[in-house]
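This report refers to the structure that appears directly beneath it.
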DNA sequence: ACTGTTTTCCAAAGCGCTTTGATAGCCGCA
DNA sequence: TGCGGCTATCAAAGCGCTTTGGAAAACAGT
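Chains as they are written, first to last, in this note's numbering: chain A, 230 to 572; chain B, 230 to 572.
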């Protein structure tokens, strides 16, 4: 059933039917009602491509997710982020199209998405510390919101980010206040902006307290359970092992706990742990007293906010780009305790 | 830059330019070359909505992902599944649109996707044991492939599934052969078809060996780390605790290990564990000798295969629906061992 | 030179919608 | 009665592409 058929059936013109359905005022209420009823009866929904052609709007939004071919890893954060966005989109009538793109052909794919015109705007995931995509997109003139930031960008652009540096500064400070001096960091890949900032926060807290930064306690990599396990295992073999660690994701924290269990150590007593917690739905760390002490920032909410920002940009072009910086909550759980007395 | 402009620039008609770019034979090779060069020079890419309108094809595929509002959980399997599909789609020129839909308005959303015409086909995730969506979609006449199966469906439909029943039958049999008699099961929600079949496989293996099925050892729920933890903790408190458990996902298995560590027990010695392993990228269980003994079936490959099936259905309508049943590998890891001697 | 093929290109219709500009019909007011 | 100003509706153009049905040009065969 299409507009033409519906109009014929009603004995009206396409114009009137279209207007009735789209809420324009120049149609009598009785007529509008009649049209709406018929539309419902025949399950009429306007063809989205035709509508897009006519209006110049695609009514869909693209999420561009980088996939490193080498690691074949999709950051599990995306699933929750998208869940957050999705609800906002469907309320506003947008579709969500996902584009996994490999390291190499990033710019080509952006250009393509733009030229093909199948999205009205983009969400950019996983910005690197230095990320050419952003300048490129800005030149392309398509609205976009970055989840995270890139550090060295000349132009202004819209982003939503967590205050990674402060979160890790606070977490490290907490550990220091508990008496810890040997504090490890198991981070994401530090070419990624978020991981770099977390590292800075960690290093800054140590520096503020005059604690030297020991490279033997620094690890970075894809945030898998295995990374946490290996890093912790290696650190425990050191002559002077850490009494506390900071981890960049709950998945890493699970690996850390695993290594500690293997070594017969108890989390929160022998070694303290503070993790960042994206509040992923299947890795909830939300008991009355959570298992892990954590800096928590629900990524699902980031997704919803980013979606709202982007829709605003699309629907009111010409506004200056918005920036949202969210603070993480520091949640006390059972994985932290005072530093054990040496010996 | 659009077709018209490109054609004018080249001094050709739109027809010829269109044909040149789409590989039709009735255009001179020299002309084609000239057109292609110009297209590249101006970054011309045909507007996908206009193309869709003209051809009646959307060149995009929808993934419908059920979200239970109650649990607010997105199964992490989807991320990897989609990664597998995505590559196939982009090679074949399709876009991927994602539709998270809540329990209630399933059918409405399918109908909408169909009427709006923004997808050529659908992948249906998370089928329930009894799932009205499938009959509904079949009536709608839109090509679709189900990831998993529903049990009681009259009509024939395309699906790709793992042999859940056999996998869990084999896993349970392995444990029985190792001397275990008290074997727990921590499963997904058993209204879901895959979980129901796993339960059947487990129960069948016990029955084959004349071992009674103890309801105290049966758990089912959203497959989170917490489910594994709580279930195992509870089972360890039983008068006659299990010496082995089967889990439906590695995330559950992590929770089980956690509970065991808390109880001071060693995996593979005190209690054996076999998990199903979807081979998720950030929870790899792939050491030389894997941590967990597991039934492994890489969900990313399921995604790719499903995508290929669906594209075949779209491009050759009228063929009978394909079915793919994959066997899981049984991988021996360090989490299994002979049943401990009683006492 | 004349016809029949083949090659190469083109004009125009059509996909399903929105939107502009026009047209009736009706009201009130002089 | 006639005219301006509304209201409710419509016809038609246009969005950017594909594709049908020609037609001109080039070529081949007699």
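Built from N, CA and C at the ideal position, the CB exists for glycine as well.
Under the three-state reduction of DSSP, residue 558(A) is assigned to strand. One Cα belongs to residue 567(A), the other to residue 435(B), and the distance between them is close to 48 Å.
For residue 305(B), a Cβ of chain A is located within less than 8 Å of the residue's own Cβ. Sequence-distant partners of residue 394(B) (beyond 5 residues in either direction) whose C-beta falls short of 6 Å from its own C-beta, in its chain, are 426, 429, 430.
With distances taken between CA atoms, residue 321(A) lies nearest to 287(A) out of 305(A), 338(A), 287(A).
By the 16-neighbour rule on beta-carbons within 10 angstroms, residue 309(B) is buried.
Neighbours of residue 345(A) in chain B, taken as residues at a C-beta separation under 8 Å, are given in chain order as 274, 275, 276, 277. In chain order, 278 make up the part of chain A whose C-beta sits under 8 Å from the C-beta of residue 281(B). CA-CA distance, residue 298(A) to residue 369(B), rounds to 38 Å. Below the 9 Å Cβ cutoff, chain B contributes 272, 274 as neighbours of residue 341(A), in chain order. Secondary structure of residue 455(B) (DSSP, three-state): helix. Sequence-distant partners of residue 453(A) (beyond 5 residues in either direction) whose C-beta falls short of 8 Å from its own C-beta, in its chain, are 302, 480, 481, 484. In the three-state reduction of the DSSP assignment, residue 409(A) falls in the coil class. Interface with chain A (8 Å Cβ-Cβ cutoff): residue 477(B) is excluded. For residue 263(B), the enclosing alpha helix (DSSP H) stretches over residues 258-270. Within chain A, 312, 315 have C-beta atoms less than 7 Å from the C-beta of residue 329(B), given in sequence order.
In the DSSP assignment, residue 309(B) falls within the unbroken alpha helix (DSSP H) covering 306-321.
Taking a Cβ-Cβ threshold of 7 Å, the residues of chain A close to residue 455(B) are 513, in chain order. Here the alpha carbons of residue 490(A) and residue 469(A) stand approximately 19 Å from one another. Here residue 417(B) is near residue 449(B), since their CB atoms are less than 8 Å apart. At a cut-off of 8 Å between C-beta atoms, residue 242(A) does not count as an interface residue with respect to chain B.
With a threshold of 16 other beta carbon atoms within 10 Å, residue 283(B) falls short and is exposed. Beta bridge pairing from DSSP links residue 505(A) with 524(A).
Taking 8 Å as the upper bound on Cβ-Cβ separation, chain B lies near residues 451, 452, 453, 454, 455 of the region 430-463 of chain A. Within the same chain, Cβ atoms closer than 7 Å to the Cβ of residue 477(A) are found at 415, 416, 417, 424, 427, 452, 505, the five residues on either side in sequence being excluded. Against chain A, a Cβ distance below 9 Å from residue 238(B) picks out nothing, because the smallest value is about 16 Å.
Of the candidates 307(A), 545(A), 422(A), the residue whose Cα lies closest to the Cα of residue 356(A) is 422(A). Assignment of residue 324(A) by DSSP, reduced to helix, strand and coil, places it in the strand class. Between the alpha carbons of residue 551(B) and residue 337(B) lies a distance of about 26 Å. Annotation for residue 520(A): 514, 562, 563, 564 place their beta carbon closer than 8 Å to its own, counting only its chain and skipping 5 residues before and after. Contact check between the region 491-503 of chain B and the region 363-377 of chain B: fewer than three CB pairs, one atom from each, fall below 8 Å, which does not count as touching. In the three-state reduction of the DSSP assignment, residue 374(A) falls in the strand class. One finds nothing in chain A with a Cβ atom closer than 7 Å to the Cβ of residue 361(B); even the nearest lies about 17 Å away. Remark: C-beta atoms of residue 396(B) and residue 312(B) do not approach each other more closely than 8 Å.
Nearest to residue 285(B) by C-alpha distance, out of 359(B), 432(B), 543(B), is 543(B). Per the DSSP secondary-structure output, residue 292(A) pairs in a beta bridge with 327(A), 352(A).
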